[in-house]
Each structure stands twice: as structure tokens, then as C-alpha cells.
Amino acid sequence: MSADSKSFYLTTPIYYANDAPHIGHAYTTVAGDVLTRWHRQRGESVWFLTGTDEHGQKIMNTADANGVSPQEWCDRLVETAWKPTWSSLNIAYDDFIRTTESRHTERVQRFLTQLKDAGHIYSGKYEGPYCVGCEEFKLPADLDDGKCQIHGTIAEIVSEENWFFRLSAFVPQLLAHYQEHPEACEPASVRNEVLAFLQSGVQDLSISRSSLDWGIPVPWDTKQVIYVWFDALLNYGTAVGLGDPADSEGGRKFAEVWPPDVHLIGKEISRFHAVIWPAMLMAANLPLPKKVFAHGWLLVGGEKMSKSKLTGIVPADITSHFGVDAFRYYFLRAIPFGSDGSFSWEDMSARYTSELANDFGNLASRLIAMIEKYCEGLIPAVATDQSLAGALSATVATADGAMEVLDFQTAINSIMEFCKRVNGYVTEQQPWVLAKDPANKVELNKVLYNTADSIRALAVLLHPIMPATTEILWESLGANETLGDISQQRIADVARFGQLPTGSKVTKGAVLFPRLEEKAE
Ligand code: MSP
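160 is the number that numbering that gives the first Met the number 0 gives to position 161 of the sequence shown; each next residue is one higher, with no gaps.
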């Protein structure tokens, strides 16, 4: 557990509000939710920020095409698509920032003025390619035949008088930073790309646009709006009081959370987060984020899944069939965090059935049924099987260590391995055979207790990943009344055997993971 009392501050990218969320966006947000729930269960104070990126040409074009103002378009999308999707996926964010809110726009303007006063901003002329899909000024090496490598669309040629940020001046400092703190940009593959980019001769960055008016006005030159990425990156600070006086509410929040512990992003936006963003903070003399972690892409047909290429899948397509918790579980379990991964219905069905329904769901329902049948529905006398207890301690250590480094797959694997181990224990001990002879009562009770208390631990460890299902299980173990809310259970304490009190009542709850045939209508 981290020794400092500073909050664990985690952010997702703020997503463009031009369209509804698809499973790529949900992948990042679910990962953030799982990690922050895990840290809360470690007893840490946590701040989890997400939100929407609402300025720029892409949003303006979409709103125009739909015949409404950009503000109306964003309001509609945020209220009918983004927030409802996060709530349907059980995302427990602490704050949702929109870049059109005054708390953001005012702090962005103040930040920019501060950078100008400190000499980091000058006026110049930008001429070159711009991809509206990426909202990015492109280098020749980023384009294939003039087309963006990510969007496959022809980049526009922009020629404008703009304000520039002296990004190039920060290159030596950035290189030194990553040398000293390699963990500040992960995984290593992305860090190496960032380092190669930094060594390739970084140019200063145009940070304003004069050809559109949907953005935050440059405070001293209101004919220009601030470049959407410069505006967007600042959300991580504006949402927590960036630049506010130390004795104000914002200033106190800032002191409590800054610097961010993890910026979770997809790999295509790593230059923004690992080059431009820290340089902006260096210019303002602010501490740098501890880690930018860039995960891979969900692929469909071998390509980055995206709405614009019509390969977008929305979370409801999957959750309506498999349920929310299986959705939350599947992507983190199946794809090493940091690598690309293909989504397949077949793989998801197979894992749902074998890991969730059979290994986990059946174990829980068999245990409850046996306690009802053999122990009148009451948890028997406390007992500890040393070998299960040892396996559980090792599991918790592995899972906690893996979560610390965002290795969700290893964490989940180790928990599910323990689940298999408990299944093996039940198979070996054969409580249904012990139950045939009353002389075995003590032995039978021991087996059932050990199984029940192992399931208690599994519920706690899986809670950050599958909050709703584990709550149902917690209720049926009767643990709510005796041990309190499941989210209050601590990771550091979960391996202590013997927590379920003798005599508490178990009840058969809803089937945790119904068979898929039953669900398909
Ligand atoms: N608005 C910017 C981010 C600004 S942050 C200061 C942006 N928005 S976005 O709507 O395009 O969302 C990008 C993020 O969505 C990616 O970084 C990634 O986290 C997620 N994903 C979008 N498509 C994805 C996949 N196909 N696969 C995995 N994640 C994907 O960029």
C-alpha cells in the first residue's frame, strides 16, 4: 500500500462527444474503474476522473451536419449517450468534466496567459497537414500518400497565423525525465516510440486555430481559439483546481490529488500525453504525472475498431447478451493490458461459460445449496484448511502486485486460479459423500466452512471487476449483516481465514451467470 497520504488520482482520456461510446472507449473506462475500485479496497483515498472533449473541428463538423449548434450536440450526446453508458457499466467516477464548462475554460485561459507571460508562447505561421479525425498537425512520416495512418482519410493542408508553444525547448528535459523515470511512460514499447519521437527533432506546436470559432478564445487574441488538444489535456488539471489559490476549495483539491498517478490512454494518443502534456506542465513548473499507461487497441478484422470505419460495437450489443459484469471481466481477462486484442463472440462465450458460469457461479451455488441441505442454511463452525489458506495468501499477493503495475490479466488469472483450486478442494473432499454418514459431521462442516470462506475471499477480490454479481453473492453468504458492505472489505485483510461468522444465514440468490441459451430470448 502506498505510504503517502495523497489520493490515488486516475484519469481516462476525455472522449470526443461527437458520437456515442463504443467498446473501445468502454475498455479504457472499465479498466480505470476496476483499478480505482481496487485501490479503494486497499483503503486508499481515490479520485477517478473522466469526461468529454467538446471543442474542435470534428465536433463542429458533426454538429453542422446534424443541423444543431456544437453545444447542443454535445449536451445531447453527454446526457443521452456518455453518462448513461457509464452508469449502465457501473462506472464509479468521482467527477465528469466537460471542456465547455466554465470551470474548465476559465482555468485554461489563465494557464495559457501564464505560459505567455513566462515567454513560452510566440506568434508564427503554421503550414502543413492536419487530420481532423485525430485533431492533429501531422508530420510527413505520419502519413501514407497524404492519408492519416489511423483514419485513412486525406489530411487537410492548413496555412494559418497561429500562436506557438515552445515545445522543442523541453526536449532535453523530457529525455532526462524518461531516463530517470522510465515507469512514467508504459509499456516499454510505447516509451521507446516516444523516445524515438523526442530524438527525431520535435518542432514547436501550433496551439491556436484562426479558421474555426468552436473553442476557447485565446485570451489576448480572441479571433483565435485554443487548439483542441492543448485545451483538452488541461482537463486533468482544471477538474481539480489547477492554478487556484492554495487556500481556496480548488487549491485544496489540487494539493490533495496532484500529480496524477495514472493517465490511462489508448496508444494512439501517447505523443500528446507523454510529450506535449508533460512539456506544458514543465513550462508551468508543475509536478509531472507519475505514469502514462497506453493500452492497445480492440481490433475488428485486424484493424482498430472505430465508428467511422463502421466497425464500431456498442457496449449494449454485448451486455444485453452476456451481462455487464461479464463485459467488465472479459476484456481485461482476455487481452494483456498494453497489447492489441481481437474481440470475438466465440471466445467471449467460451470464457463466460467455463470461467464465470462453471468455475465461479456453479461453485457458489453448489456451496449455498449444500449449506442449506446439510447445515440448515447456517454457516458451520469456523475452520481453516492450511493449504487453501496458503494458496489464498499467495493469490492476494500476486493479484495486488499485478494490479499495482496495471497487469489486469495476471491479477484476474491468479484469482481465477484460486477459484479453480477451491473447486478442486470440493471435488477431492466430496462433501456429498461425507454427508451420508452422521459420524462425518465435523469433517463435513470443515469442508463447507473452508469452501464458504474461500468464496467470501473470491467475492471480495472480484468485486472491483464484477461489482454487481459479487454483491449478490455477498448477500447470499449473509455477509452484509455480519461483515458489512462488500466494498468496505480490505485487500490487506482478505486472506485472513475464518471471517464468515458461524451461524450466519445463507440464502439462495439469483443465478450469478445464467446459461447463455437461457438468456438468448
Ligand atoms: N478527445 C481525445 C482525448 C483527449 S484526452 C486529453 C480522444 N478522444 S476519443 O474519443 O477518440 O477517445 C480515444 C480513446 O478511446 C483512446 O485513447 C482509447 O482510450 C479509446 N479507444 C478508442 N478506440 C479504441 C479501440 N478500438 N480500442 C481500444 N481503445 C480505443 O482521442
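Cβ coordinates follow ideal geometry from the N, Cα and C atoms, glycine included.
Remember, it's a predicted structure, so these values are computed and weren't measured experimentally.
query                                                                                                                           : result
Same chain, Cβ closer than 6 Å to residue 0, neighbours up to 5 away in sequence not counted                                    : Confidence at residue 0 is low in this model, with a pLDDT of 37, below 50, so the placement of that residue is unreliable and no value is reported for it.
The segment 481-497 in contact with the segment 22-40 per 3-pair CB rule at 8 Å                                                 : yes
Helix, strand or coil at residue 210 [DSSP, three-state]                                                                        : coil
Alpha-carbon spacing of residue 308 relative to residue 144, whole angstroms                                                    : 19 Å
Straight-line gap, residue 14 to residue 440 (C-alpha atoms, nearest Å)                                                         : 58 Å
Extent of the continuous alpha helix (DSSP H) to which residue 409 belongs                                                      : 407-428
Check whether residue 72 and residue 20 have beta carbons under 8 Å apart                                                       : no
Distance between residue 319 and residue 347 (C-alpha atoms, nearest Å)                                                         : 13 Å
Spatially closest choice to residue 199 from 177, 170, 252 and 22, by CA coordinates                                            : 170
Any non-hydrogen atom of ligand 1 within 7 Å of residue 303 CB                                                                  : yes
Residue 374 in three-state terms, based on DSSP                                                                                 : coil
Closer than 7 Å: residue 232 CB and nearest ligand 1 heavy atom                                                                 : yes
Identified DSSP bridge partners for residue 303                                                                                 : 298
Stretch pair the segment 353-371 + the segment 441-452: three plus CB contacts closer than 8 Å                                  : yes
Coil, strand or helix - residue 2 by DSSP                                                                                       : Because residue 2 sits at a pLDDT of 42, beneath the cut-off of 50, its placement in the model cannot be relied upon, and the point is left open.
beta-carbon residue 259 near ligand 1 non-hydrogen atom, thresh 7 Å                                                             : no
The segment 246-258 / the segment 191-205 touching (three or more Cβ pairs under 8 Å)                                           : no
Identified DSSP bridge partners for residue 124                                                                                 : 160
Span of the beta strand (DSSP E), counted from its first residue to its last, around residue 28                                 : Where residue 28 is concerned, there is no enclosing beta strand (DSSP E), although the alpha helix (DSSP H) it sits in stretches over 22-40.
Complete runs of the alpha helix (DSSP H) confined to the segment 335-383 [at least 4 residues]                                 : 344-350 and 362-373
Separation of residue 357 from residue 289, as counted between CA atoms                                                         : 40 Å
Counted within 10 angstroms of its Cβ, other Cβ atoms place residue 17 as buried (16 or more) or exposed                        : buried
Alpha-carbon spacing of residue 397 relative to residue 409, whole angstroms                                                    : 8 Å
Residue closest to residue 445, alpha-carbon to alpha-carbon, out of 428, 456 and 460                                           : 428
Assumed close pair residue 193, residue 273 - CB separation to whole angstroms, cut-off 8 Å                                     : 5 Å
Spatial distance of residue 269 from residue 244 (CA atoms)                                                                     : 31 Å
Near ligand 1: residue 14 beta-carbon under 7 Å from a heavy atom                                                               : yes
Spatial distance of residue 433 from residue 443 (CA atoms)                                                                     : 6 Å
DSSP three-state assignment for residue 113, whether helix, strand or coil                                                      : helix
Residues sharing a beta bridge with residue 53, DSSP                                                                            : The partner list for residue 53 (beta bridge, DSSP) is empty, contrary to what the question assumes.
Endpoints, alpha helix (DSSP H) assigned at residue 189                                                                         : 187-198
Close-in-space but distant-in-sequence residues of the same chain around residue 77 (CB under 7 Å, 5 per side omitted)          : 16, 51 and 97
Backbone CA spacing between residue 93 and residue 10 [nearest angstrom]                                                        : 10 Å
Cut-off 8 Å between Cβ atoms - residues of its own chain near residue 323, not counting five sequence neighbours on either side : 87, 88, 89 and 467
Distance between residue 328 and residue 411 (C-alpha atoms, nearest Å)                                                         : 8 Å
Of the residues 236, 305 and 304, the one placed nearest residue 276, counting alpha carbons only                               : 236
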